[in-house]
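Number of protein chains: 2
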Amino acid sequence: MASTTSRLRSRAKPASADSGNDRLDSHVLESLVGYNTRRAFLVIGAVFAERMAAYGLKPVDFSVLSLLAHNPGATSRQLCAKLDILPPNFVNIVAAMDRRGLIERKPHPFDGRAVGLHLTPAGEALVKEAERAVIELEAEASSKLSARERETLIRLLQKIYL
Amino acid sequence: MASTTSRLRSRAKPASADSGNDRLDSHVLESLVGYNTRRAFLVIGAVFAERMAAYGLKPVDFSVLSLLAHNPGATSRQLCAKLDILPPNFVNIVAAMDRRGLIERKPHPFDGRAVGLHLTPAGEALVKEAERAVIELEAEASSKLSARERETLIRLLQKIYL
DNA sequence: TATTGTTATACTCTATAACTATA
DNA sequence: TATAGTTATAGAGTATAACAATA
């Protein structure tokens, strides 16, 4: 999701034979939860990428850090299950945050195969800032919704995936 | 999104030192529109992939076909703008559906650079079936929502991206 | 000079198979 | 025999630069 942001809403001059850029009838698509959910996610994802680049965090990085902040010692297996990430794809994510000094791996208390993941002090500090930034960015991205509408939206989305 | 489906809800026997697979505290993530939107999309996307494989249609293919059904002669440029697809990435999508005999390219009435995209009779037939299938699959994927809740959900999502 | 469609390309994301060490 | 973590790798998805034909 590199520069998705720059592609949104390009209101240029009505050049040539483009008989109405977005004057296409899309009533079927717009009646679908899947289509609308994806479109909304793309917008929020673009705002996220734009704002969180300052912290060097992609959505998955933020999710892992936030989860570790509230579940110290969680294992890769647990985080993968929670976030629907395949273990092989999780290895580099953890390794990168380890190299950045945000997390560290400690032996699991009673399972020699597993590794407990913990935030370092630097990780703790970053996740505090990051959570504030995300909450702020979310408020802006959903600024057309009232507080009550936003709660309703989240509740309805959770009825689909929970 | 190949076999995302198979990874959902794997209720196996509680094996070893996994002290609670999904017993992780994720209250911060679950309070975010971005996180919930993505999770809901993943579920619906998995159902879509599972059901629409029979028609050989991915979400983007269906979107293009549905758009062409209601906007015959639309150009690649218009479809790219509507669906937020980059033109280079659209070339193969159109070419594949052309090879399948679902669409055909006709010269644009008054712009020699552009190409009008049209459904073939086979494309028309497929999109009719596909739209029925998607509407059915959507109803099941959002079966925990009442008709009114589903409308509300779509309305709120559109307030974010429209 | 700008736009449509295109090629080539690269980077990210997601997926499977198979290995190791532990259980 | 099964699980946690890992390696290697392949396939989508998504991005940019640059070109030809047309406006």
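Protein sequence lines, in the order shown, are assigned to chains F and E. When you line the first sequence up against our numbering, it's residues 1 to 162, in that order. When you line the second sequence up against our numbering, it's residues 1001 to 1162, in that order. Note that beta-carbon positions come from the ideal geometry of N, C-alpha and C, so glycine has one too.
For this session: Kindly list, in the order they appear in chain E, the residues whose Cβ is closer than 8 angstroms to that of F/Glu104.
Result: As a first step, residue 104 of chain F must be located in the first sequence, where it is residue number 104. The premise fails here: F/Glu104 is roughly 19 angstroms from chain E at the closest Cβ pair, so nothing lies under 8 angstroms.
Exercise. Rounded to a whole number of angstroms, what is the C-alpha to C-alpha distance between F/Leu137 and F/Phe48?
Worked result: Translated into positions along the first sequence, residue 137 of chain F becomes position 137. Translated into positions along the first sequence, residue 48 of chain F becomes position 48. Distance between the alpha carbons of F/Leu137 and F/Phe48 is about 7 angstroms.
Exercise. With a cut-off of 8 angstroms, do at least 3 Cβ pairs link the segment 1076-1095 of chain E to the segment 68-82 of chain F?
Worked result: no
Problem set entry | Bridge partner(s) assigned by DSSP for E/Lys1106 | Your numbering for residue 1106 of chain E matches position 106 in the second sequence. According to DSSP, which records beta bridges pairwise, E/Lys1106 is partnered with E/Gly1116.
Problem set entry | DSSP bridge partner residues for F/Pro75 (one or two, in chain order) | Residue 75 of chain F sits at position 75 when you count from the first residue of the first sequence. Per the sequence shown, the amino acid found at residue 75 of chain F is Thr instead of Pro. DSSP lists F/Gly116 as partners of F/Thr75.
Problem set entry | Among E/His1108, E/Ala1096 and E/Ala1040, the one whose alpha carbon lies nearest that of F/Leu156 | As a first step, residue 156 of chain F is located in the first sequence; it is residue number 156 there, counting from the start. Ranking E/His1108, E/Ala1096 and E/Ala1040 by Cα distance to F/Leu156 puts E/Ala1040 first.
Exercise. Any idea what DSSP makes of F/Ser143, helix, strand or coil?
Worked result: Here residue 143 of chain F is taken as the residue at index 143 of the first sequence, counted from 1. If DSSP states are grouped into helix, strand and coil, F/Ser143 belongs with coil.
Exercise. If we ignore side chains and look at the alpha-carbon of each, how far apart do E/Leu1042 and F/Asp61 end up?
Worked result: Sequence index remark: in the second sequence, residue 1042 of chain E carries index 42 (1-based). Sequence index remark: in the first sequence, residue 61 of chain F carries index 61 (1-based). Put simply, the backbone Cα of E/Leu1042 is about 18 angstroms away from that of F/Asp61.
For this session: Give every residue of the same chain whose Cβ lies closer than 7 angstroms to the Cβ of F/Ile44, excluding the five residues on either side of it in the sequence, and list them in chain order.
Result: Residue 44 of chain F sits at position 44 when you count from the first residue of the first sequence. Excluding positions up to five away in sequence, the list reads Ala141.
Exercise. Which residues in chain F sit within 7 angstroms of E/Leu1032, going by Cβ to Cβ distance?
Worked result: Counted from its first residue, the second sequence places residue 1032 of chain E at position 32. The answer, in chain order, is Val134 and Glu138.
Exercise. Between which two residues does the alpha helix (DSSP H) harbouring E/Glu1050 extend?
Worked result: Here the question's residue 1050 of chain E lines up with position 50 in the second sequence. Start and end: Val1033 to Met1052.
Exercise. Which same chain residues, not among the five before or five after F/Arg150, have their C-beta less than 7 angstroms away from its C-beta?
Worked result: As a first step, residue 150 of chain F is located in the first sequence; it is residue number 150 there, counting from the start. Only Ser142 meet the Cβ criterion.
For this session: Report the option in F/Arg99, F/Thr120 and F/Lys58 whose CA atom is closest to the CA atom of F/Ala69.
Result: Stepping through the first sequence from its first residue, residue 69 of chain F is reached at position 69. Looking at the Cα atoms, F/Thr120 is the closest of the given residues.
Problem set entry | Within chain E, the residues that F/Glu149 reaches when beta carbons sit closer than 7 angstroms | Residue numbering aside, residue 149 of chain F sits at position 149 when the first sequence is read from its first letter. Here the neighbours are Leu1156.
For this session: Please classify F/His27: does DSSP put it in a helix, a strand, or coil?
Result: As a working note, residue 27 of chain F is residue 27 in the first sequence. Residue state, collapsed to three classes: coil.
Problem set entry | Span of the alpha helix (DSSP H), counted from its first residue to its last, around F/Leu65 | Numbered from 1 along the first sequence, position 65 holds the residue referred to as residue 65 of chain F. From DSSP, the alpha helix (DSSP H) with F/Leu65 extends over Pro59 to His70.
Exercise. Nearest chain F C-beta to E/His1118 closer than 7 angstroms, yes or no?
Worked result: As a position in the second sequence, residue 1118 of chain E is number 118, starting the count at 1. Nearest CB-CB separation between E/His1118 and chain F: not below the 7 angstroms threshold.
For this session: Would you please verify whether the beta carbon of E/Lys1144 is less than 7 angstroms from any beta carbon of chain F?
Result: Translated into the one-based positions of the second sequence, residue 1144 of chain E becomes position 144. Judged by the 7 angstroms Cβ criterion, E/Lys1144 is in contact with chain F.
Exercise. Roughly how many angstroms separate the alpha carbons of F/Arg11 and F/Val115, rounded to a whole number?
Worked result: Translated into positions along the first sequence, residue 11 of chain F becomes position 11. Translated into positions along the first sequence, residue 115 of chain F becomes position 115. Annotation note: pLDDT 33 at F/Arg11 (below 50); position unreliable, no value reported.
Exercise. Helix or strand or just coil, what does DSSP make of E/Asp1098?
Worked result: Against the second sequence, residue 1098 of chain E aligns to sequence position 98. DSSP places E/Asp1098 in helix when its eight states are reduced to three.
For this session: Note down the Cα distance separating F/Lys159 from E/Glu1104, rounded to an integer number of angstroms.
Result: Taking the first sequence and counting its residues from 1, one reaches residue 159 of chain F at position 159. Taking the second sequence and counting its residues from 1, one reaches residue 1104 of chain E at position 104. Straight across, the Cα-Cα distance linking F/Lys159 with E/Glu1104 is about 41 angstroms.
Problem set entry | Chain-order list of residues whose beta-carbon lies under 6 angstroms from that of E/Tyr996 (same chain, five-residue window excluded) | No answer is possible for residue 996 of chain E: the residues shown for chain E start at 1001 and end at 1162.
For this session: Just mark F/Ser163 as buried or exposed, buried being the case when its beta carbon has 16 or more other beta carbons within 10 Å.
Result: Given a span of 1 to 162 for chain F in the structure shown, any question on residue 163 of chain F remains unanswerable.
Exercise. How long is the line joining the alpha carbons of F/Arg132 and E/Thr1152, rounded to whole angstroms?
Worked result: Within the first sequence, residue 132 of chain F is the residue found at index 132, counting from 1. Within the second sequence, residue 1152 of chain E is the residue found at index 152, counting from 1. One C-alpha to the other measures close to 28 angstroms.
For this session: Please check the pair F/Ser26 and E/Leu1029, which I expect to be a contact at CB under 8 angstroms, by giving their CB distance rounded to whole angstroms.
Result: Walking along the first sequence from the start, residue 26 of chain F turns up at place 26. Walking along the second sequence from the start, residue 1029 of chain E turns up at place 29. Not really, about 31 angstroms apart at Cβ, beyond 8 angstroms.
Problem set entry | CA nearest to the CA of E/Leu1024, picked from F/Pro59, F/Ala46, F/Pro72 and F/Leu32 | Counting from 1 along the second sequence, the entry for residue 1024 of chain E is found at position 24. The shortest Cα separation from E/Leu1024 among F/Pro59, F/Ala46, F/Pro72 and F/Leu32 belongs to F/Pro72.
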